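Working notes, beginning with the structure itself.
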Amino acid sequence: MFWKSKRETVKSLEEMTRRRSQWRDVMGRLFRNKTGFVGLCICAILIILVVFAPVFTSYNPLKQSVPERFLYPSSEHIFGTDDFGRDLWARILYGGRISLLIAFIAVIISTVGAIILGSCAGYFGGAVDQIITRVMDVMMSIPGLLLAIAISSALGAGLVNTALAIAIPGIAPGARIIRSTVMSIKDCEYVEAAKASGSKNFRLIMIHIIPNCIAPLIVNATLSIGGNIMAISGLSFIGLGVQAPTPEWGAILSTGKTYLRDFWPLVFFPALFIMLTILGFNLFGDALRDALDPRLKD
Numbered sequence: 003m004f005w006k007s008k009r010e011t012v013k014s015l016e017e018m019t020r021r022r023s024q025w026r027d028v029m030g031r032l033f034r035n036k037t038g039f040v041g042l043c044i045c046a047i048l049i050i051l052v053v054f055a056p057v058f059t060s061y062n063p064l065k066q067s068v069p070e071r072f073l074y075p076s077s078e079h080i081f082g083t084d085d086f087g088r089d090l091w092a093r094i095l096y097g098g099r100i101s102l103l104i105a106f107i108a109v110i111i112s113t114v115g116a117i118i119l120g121s122c123a124g125y126f127g128g129a130v131d132q133i134i135t136r137v138m139d140v141m142m143s144i145p146g147l148l149l150a151i152a153i154s155s156a157l158g159a160g161l162v163n164t165a166l167a168i169a170i171p172g173i174a175p176g177a178r179i180i181r182s183t184v185m186s187i188k189d190c191e192y193v194e195a196a197k198a199s200g201s202k203n204f205r206l207i208m209i210h211i212i213p214n215c216i217a218p219l220i221v222n223a224t225l226s227i228g229g230n231i232m233a234i235s236g237l238s239f240i241g242l243g244v245q246a247p248t249p250e251w252g253a254i255l256s257t258g259k260t261y262l263r264d265f266w267p268l269v270f271f272p273a274l275f276i277m278l279t280i281l282g283f284n285l286f287g288d289a290l291r292d293a294l295d296p297r298l299k300d
């Protein structure tokens, strides 16, 4: 019994050392990727701006000043003001908080749902796999944004409802990734050894299988953030997402379309931030995917 425990300890230490070495290699490949580094810098700058918004602006994003309506960019108002005289730079920064918060919450919800459904389908197989797979096929047959619009219409507007509307369509793609990964590793020797030692299904999935799905989960989550930002902005643009006067990029863009011919800053700046956010997370996600599995680069 003692020698068996000792052998298991040695194997665990060897596995930990191997994983640390792998992650060092991944980080090295990631930071050598120039486009990925550019994407990481864009994401980092945007996150710093929105998280520390009070440091970068002294204006209240909700405070109206009708005499200062439609001011063009100047030293006093970097991005100008909107149709109610509110500082556009402040509304962009605070609106970014809302957009990124909803995007991250949606990613967390969809990732948890994907882990539960994908691991159950891949591990148990049979009828469980068939039912979950058919449900995922139905969900993926509907365009994600269209499904989000339908869910948002049913639930109503608001931060939480918008996050749910964005998260639910993202569960199926993630679940398929987890399912395929689980199916490829559930018959590995270390899983069979854990079964032979008496480990229950839940422990097997949580301790031995899901940790080996971390890499595809991270890549999928990173790439999903850009799509979530687009979907959030789209819902707010058509009035189903964040409601006025709360600042949000899509809502600001929706207001700006009315004045597009006469006042371009109200459309240009929120659109620019949406574009940069999507670009940054997509570049970083692609680089992360290549770093985790260099074979995919070709």
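Quick note on our numbering: the sequence shown kicks off at 3 and runs consecutively. C-beta atoms are modelled at their ideal positions from N, C-alpha and C, and glycine is treated no differently. Model, not experiment: these values are computed from the prediction.
Check                                                                                                                                                  : Outcome
Where do the ends of the alpha helix (DSSP H) carrying G127 lie?                                                                                       : Here G127 belongs to no alpha helix (DSSP H), and DSSP marks it neither H nor E.
Straight-line CA distance for A174 to S235?                                                                                                            : 22 Å
For F81 versus F271, is the C-beta distance shorter than 8 Å?                                                                                          : yes
Buried or exposed, going by whether 16 or more other CB atoms sit within 10 Å of the CB of A253?                                                       : buried
What is the rounded straight-line gap between the Cα of F4 and the Cα of M208?                                                                         : Low confidence applies to F4: its pLDDT is 43, below 50, so where it sits in the model is not reliable enough to give any reading.
Thinking C-beta only, is V244 closer than 8 Å to L161?                                                                                                 : yes
For T83, which of helix, strand or coil comes out of DSSP?                                                                                             : strand
Is the beta carbon of L285 less than 8 Å from the beta carbon of V40?                                                                                  : yes
For L48 versus L219, is the C-beta spacing smaller than 8 Å?                                                                                           : no
Would I168 pass as a contact of A150 if the rule is Cβ separation under 8 Å?                                                                           : yes
According to DSSP, simplified to helix, strand and coil, what is D292?                                                                                 : helix
Start and end of the alpha helix (DSSP H) containing A185?                                                                                             : Note on residue identity: the sequence assigns Met, not Ala, to residue 185. Segment 161 to 187, the alpha helix (DSSP H) holding M185.
Confirm, please, whether the CB-CB distance from I180 to G124 is below 8 Å.                                                                            : yes
Can you round the beta-carbon distance between N62 and A105 to whole angstroms, since I take them to be within the 8 Å contact cut?                    : That pair is no contact at about 24 Å.
Which whole-angstrom value describes the C-beta separation of L90 and P267, a residue pair presumed to lie in contact below a C-beta threshold of 8 Å? : 6 Å
Rounded to whole angstroms, what is the Cα-Cα separation between I187 and L102?                                                                        : 34 Å
Taking DSSP's pairing of strands, which residues face D89 in a bridge?                                                                                 : T83
Please say whether I94 and F275 have beta carbons closer to each other than 8 Å?                                                                       : yes
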